[in-house]
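Down below is the structure, laid out as structure tokens.
Residue numbers (my numbering): 727 to 1157.
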């Protein structure tokens, strides 16, 4: 070791530095040593690194009032910094809700499925929640029965309606009614004491101008009971003009509905051919011994999968047990057009969602990417989102055990949020 290096080391090891850290004598020796090594670049860099380290160590001594061990002091300082950082990251946010500035309102449509109980057949009921900012907080601003759906320049209400045919057979079909400027009367149908429904329709999706529904039809074929299952997508106007159960003859294929070909054009037909989908038939005697190929996408539906609405096509087969019909859903590699779903994107991955809520089964987010709803079996938790999910719910909504989402419709920014709040309270009733 160079004698000057050895002397510098001894000078720096003499205990805590005081006042300005270095004496003029020590400073002069360091400068002389640096000047001596100026022509040797590699050695100069090594000395500079050593001196820089010693300067930092000396500064630490000065700032912590002379802790006697350099190595110990560095460890203590870094440990304190890391502990503070980790503690801040681990603690849940304590910000007031108003800090997050929610600028969205959402109409959430929910369907609850009720199993067969005694003489009451399986059926479904519906409710709509309006979640909106009020008083700087996200709240349930309105809630009511049925599905309140934004449609064109206003709102419509969708709910099951009970009908009796000439044979006194009960049916529950989905009906559409215009929403007026008042709380809508209770229209949800609840089955009477009957063992089964002639026709039972269940809402699967509602959005923009479309609805998706499942349909069960029961009838006697040659004296034997048969059940026919169907899936349809319809425009609201098509649902309004439905003739199902208005007469004793039920022909669901002739009832107005929207095909995949009409929605996507002829470009979807090759995909349907590859899936080898089988077309549905009306209830009753078969028009052919085998199901025909369906390259128009006559029967399809819209389902929730991985936090988004996705189309699935139905392929039909005869059920051997009762000569009825059932379908199998097949996924399509197509995104739904904006005419069906205006906004349906998550700003984060499922891995991030499940880190916060391991039992999450669905999720949705606002167009402004400021709130994310995470759905589990028994609740919807609305979390703030600011580049990441903030682990403190702004609002929690309790769900029944067999309740699921059928509609998510957003209003963004003013004056639309306030308009929805006023309309929602009028049409649904204040929560």
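The beta carbon of each residue, even a glycine, is placed where N, CA and C say it ideally should be.
Terminal residues of the alpha helix (DSSP H) in which residue i lies
i, result
"residue 997", "995-1001"
"residue 970", "Here residue 970 belongs to no alpha helix (DSSP H), and DSSP marks it neither H nor E."
"residue 990", "986-990"
"residue 1101", "That residue, residue 1101, is in no alpha helix (DSSP H); its beta strand (DSSP E) goes 1097-1101."
"residue 1182", "In the structure as shown, the chain starts at 727 and stops at 1157, and residue 1182 therefore has no counterpart that could be examined."
Under the three-state DSSP convention, the category residue i falls into
i, result
"residue 1159", "Because the chain is modelled from 727 through 1157, residue 1159 falls outside the range shown and cannot be assessed."
"residue 978", "helix"
"residue 1021", "coil"
"residue 1034", "strand"
"residue 930", "strand"
"residue 1140", "coil"
"residue 1064", "coil"
"residue 1128", "coil"
"residue 855", "strand"
"residue 939", "strand"
"residue 965", "helix"
"residue 1086", "coil"
"residue 1145", "helix"
"residue 1110", "strand"
"residue 787", "With a pLDDT of only 37 at residue 787, under the threshold of 50, the placement of this residue in the model should not be trusted; the figure read from the coordinates follows. Note: residue 787 maps to helix in three-state DSSP."
"residue 1028", "strand"
Residue i versus residue j: straight-line alpha-carbon distance, rounded
i, j, result
"residue 1083", "residue 1055", "29 Å"
"residue 1103", "residue 932", "21 Å"
"residue 1051", "residue 1105", "35 Å"
"residue 863", "residue 1132", "25 Å"
"residue 982", "residue 1031", "27 Å"
"residue 877", "residue 1142", "14 Å"
"residue 1018", "residue 987", "17 Å"
"residue 1009", "residue 828", "50 Å"
"residue 994", "residue 939", "22 Å"
"residue 866", "residue 874", "15 Å"
"residue 891", "residue 1127", "33 Å"
"residue 1059", "residue 1068", "18 Å"
"residue 1003", "residue 997", "10 Å"
"residue 816", "residue 1041", "Low local confidence applies: a pLDDT of 44 at residue 816 is under 50, so the model's placement there is unreliable, with the coordinate-based value given in what follows. Cα to Cα, residue 816 sits roughly 50 Å from residue 1041."
"residue 1150", "residue 1138", "15 Å"
"residue 835", "residue 1020", "32 Å"
"residue 1005", "residue 999", "12 Å"
"residue 1012", "residue 1053", "16 Å"
"residue 1109", "residue 855", "17 Å"
"residue 1146", "residue 930", "23 Å"
"residue 1185", "residue 857", "This structure cannot speak to residue 1185, because the chain is shown only from 727 to 1157."
"residue 884", "residue 851", "11 Å"
"residue 847", "residue 1114", "45 Å"
"residue 1070", "residue 1077", "18 Å"
"residue 1064", "residue 959", "15 Å"
"residue 1154", "residue 870", "4 Å"
"residue 977", "residue 842", "26 Å"
"residue 839", "residue 1124", "16 Å"
"residue 980", "residue 845", "32 Å"
"residue 1066", "residue 1118", "32 Å"
"residue 1045", "residue 1039", "18 Å"
Delimiting residues of the beta strand (DSSP E) encompassing residue i
i, result
"residue 838", "830-840"
"residue 960", "950-961"
"residue 876", "873-877"
Paired residues, beta bridge with residue i - DSSP
i, result
"residue 887", "899"
"residue 1046", "None; residue 1046 has no bridge partner."
"residue 849", "840"
"residue 1007", "In the DSSP output, where bridge partners are listed per residue, residue 1007 has none listed."
"residue 863", "860"
"residue 868", "856, 1156"
"residue 1105", "1124"
"residue 1116", "According to DSSP, residue 1116 bridges with nothing at all."
"residue 893", "Residue 893 is not bridged to any residue."
Check whether residue i and residue j have beta carbons under 7 Å apart
i, j, result
"residue 1091", "residue 1079", "no"
"residue 941", "residue 956", "yes"
"residue 1174", "residue 984", "This structure leaves residue 1174 out entirely; the chain is present only between 727 and 1157."
"residue 947", "residue 1049", "yes"
"residue 1107", "residue 868", "no"
"residue 902", "residue 882", "yes"
"residue 927", "residue 966", "no"
"residue 1094", "residue 888", "no"
"residue 961", "residue 936", "yes"
"residue 897", "residue 923", "yes"
"residue 1062", "residue 1026", "no"
"residue 970", "residue 954", "no"
"residue 1130", "residue 837", "yes"
"residue 1086", "residue 1100", "yes"
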